[in-house]
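Reminder that position 12 of the sequence shown reads as 11 in numbering that gives the first Met the number 0, one-by-one numbering, no gaps.
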Amino acid sequence: MAKKTGSRVKSGEAIAVIGNTGTLTNGPHLHFELWFKGKPVNPSEYLRF
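As structure tokens, this is what we get:
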């Protein structure tokens, strides 16, 4: 992770990198979650992809 919990980020700023280490991967990928007030939320309601 390039950022710590609670960090503010700007549009276009990297927040993580992807990789393919481990025995159960099928290519480079990133697991992404967005939480608000202790609950998971739909990232598309907050971010433009």
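For every residue, glycine included, the Cβ atom is placed at its ideal position computed from N, Cα and C.
Original post:
Counting along the chain, where does the beta strand (DSSP E) carrying LYS2 start and finish?
Top reply: Segment: none, LYS2 is in no beta strand (DSSP E) and carries neither H nor E.
Original post:
Would you report the Cα separation of HIS28 and ILE14, rounded to the nearest angstrom?
Top reply: When rounded, the distance between both Cα atoms is 14 Å.
Original post:
Taking the C-alpha atoms as reference points, what is the distance between LYS38 and LYS9?
Top reply: Rounded to the nearest angstrom, the two C-alpha atoms are 23 Å apart.
Original post:
Where DSSP assigns a beta bridge to LYS38, which residues make up the other side?
Top reply: In the DSSP assignment, the residues bridged to LYS38 are PHE35.
Original post:
From ILE17, GLY11, GLU44, pick the residue whose C-alpha is nearest to that of LEU33; which is it?
Top reply: Taking only the C-alpha atoms, the option nearest LEU33 is GLU44.
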